[in-house]
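I have placed the structure first, in the form of structure tokens, so that the comments after it can refer back to it.
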Amino acid sequence: MTATSVISLVCPLTNQIFREPTKNGPPIVILKLAGVRAQVEATFYEKLARHPHILQTYGFVKQAPPDPNSVMLLQEYAPEGNLYEVLEDQPSIPTESVLCEIFMQVSDAMKYLSHNNVIHGDLACRNVLVFRFHHSEPKFNLVKVADFGLSKGASMYSALNKSSSTTSVNIVPVRYAAPEVLASNLFSMKSDIYSMGVLMWEAHSKGMFPWMKIENDEEVRRNVIKGDRLSQPESCSNNIWSIALKCMSEKPEDRPNFSSLYQLLSEAALKLKSSKNSTGKNPSQTVIQTIDYPSGSQYIGEMKDGKRHGKGVVIFENGNRYEGQFFDGKRHGHGIFSDANGRRYEGQFCNGEFHNDKFHGHGLAKYEIGDYYVGDFVKDKRHGRGAYMSVNSDRYEGIFENGKLNGTGTI
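Taking this note's numbering, the leading residue of the sequence shown gets 58, the next gets one more, and so forth.
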């Protein structure tokens, strides 16, 4: 953008308002982090902002005395606001396909945080920022998860005890929290999963406050610990609600992890599309089916003349996954491959040439250590022109041969 933008932000810990004009650049928000761990948290935010559904952090500035333990965090601006605000402003609840797409994007981000051993601690619609929104077209929507472990000062939160300081583990969003958090202050990836179930209820309820008819947070805490759960919203299908209930299971071990949740939501999204498009089909037309193979793998997607054809998802018996285009039974066209170790490849597939979990052709790969490569591959190796970005922000661009930069590139 060329015009000057002024962005205002209320600091969640101090309620101070920061305004920052930007020239010839993207609009930004400024978040003040206070406390002795502020710089560590800021660095942590900056390193994690390498995912399409995690809010981007551009950098941070350390404060000078008299506030040496504070830093100013520079983050990207979400033009549509947060998901709670968007849902509240809608004349009606978005289609379930749209909500399912949003849930998938949030789950994908949370899967990334979980892989990096990060607990969000405050997953709710207000901490999902919206960059694009369409009431009825799922793929138009773009959301990003924000404020993991930082937004703890709002009035809807309650301290577990009077002596608690306003840090991420001492302040609990009671109405979104898992039973073990409310009973014993035990945060984990599985407590984030529980909050995800509440988020799904919240989105289907058009941003309604959980347990709205109960004014007292202590009463909510007692009820959740003894086993009470939110009721199924009228707009929520049985299939989606069954997923939300799995997330809100009493025992953490009975809840899915975020990788499993993403798979469940992907399957639900395809079934929603199937129910919308399944009328009037004949055997030579494209239909959506679920196929379980003897090997243990599963395909959910479009079929034509008995073959995988169109858009679909394959979940392999070893936990690997391919989502994208098929042609005449083979992976062909744009697709995304990911494995159980966090490796991810996105690019073009040709006549099933991508096989045995090897990258081949032009694409983007994300490795389990957090590094990225964009360029050409030959049989799983970086080969040809490409750019490699390390988790430490080092960048190498040039010609690669057998997986290594051959000396003609730039750093």
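By construction, the Cβ of each residue, glycine as well, lies at the ideal position given by its N, Cα and C atoms.
Looking at the structure shown, is residue i part of a helix, part of a strand, or coil, going by DSSP?
i	result
L105	helix
H440	strand
Y251	helix
A203	coil
S193	coil
N184	helix
L462	strand
K89	strand
T100	helix
I159	helix
V118	strand
K168	helix
M265	coil
L131	strand
E145	helix
V175	coil
N235	Residue identity differs from the one stated: residue 235 is Ala in this sequence, not Asn. Coil at A235, not helix or strand.
E153	helix
For the candidate residues the options, whose alpha-carbon lies nearest to that of residue i?
i	options	result
K5	A260, M257, C157 and E259	Past the boundaries of the shown model lies residue 5; the chain is included only from 58 to 468, so the question cannot be answered.
W258	S241, A240, E291 and F244	E291
R401	T152, I250, Y251 and G376	G376
P136	S149, E98, I282 and K201	K201
M446	L88, S193 and K104	K104
F434	D451, E454 and E458	E458
M161	L322, G460, K364 and R388	L322
E145	A260, S252 and V86	A260
K263	E237, V155 and E276	V155
E310	M246, A444 and V371	M246
L307	P313, G353, P236 and S354	Sequence inspection shows Glu at residue 307; the Leu mentioned does not correspond to that position. If we check each option's Cα against that of E307, P236 comes out closest.
A166	H108, K436, D179 and S395	H108
V231	E324, N273 and K196	N273
L302	L256, K328 and I372	L256
N174	F244, I348 and V238	F244
T100	H192, G116 and K196	G116
F383	E276, D396 and Y356	Y356
D396	H389, Y379, D385 and R388	Y379
Y350	L170, K361 and I372	I372
N126	V277, K89 and Q147	K89
A326	K270, I111 and G369	G369
F394	E275, E324 and G381	G381
V238	G353, V277 and D428	V277
What residues are listed by DSSP as bridge partners for residue i?
i	result
Y445	Y430 and Y453
E380	V370 and I393
A240	BP columns for A240 are empty, so no partner.
G138	The partner list for G138 (beta bridge, DSSP) is empty, contrary to what the question assumes.
V435	K438
E272	E272 pairs with nothing; no bridge assigned.
A422	Y402 and Y430
Would you mind stating whether residue i and residue j have Cβ atoms separated by less than 8 Å?
i	j	result
R183	Y141	yes
F266	S164	no
Q113	E133	yes
M129	V143	no
V203	S252	Checking the sequence shown, residue 203 turns out to be Ala, not Val. Against a cut-off of 8 Å, the Cβ pair of S252 and A203 comes out as no contact.
G367	E374	no
I250	C293	no
I297	E153	yes
H177	F205	yes
N21	V86	Look at the range of the chain in this structure, 58 to 468, and you will see that residue 21 is not part of it.
N198	I150	no
Y430	G443	yes
G460	K436	no
G234	I282	In the sequence as displayed, the identity of residue 234 is Ala instead of Gly. Going by C-beta atoms, A234 is not nearer than 8 Å to I282.
Please check if any C-beta of chain D sits within less than 8 Å of the C-beta of residue i.
i	result
S248	In the displayed structure, chain D is absent; only one protein chain is listed.
Contiguous beta strand (DSSP E) assignments of at least 3 residues, all confined to the stretch 277-351:
The qualifying runs are 344-349.
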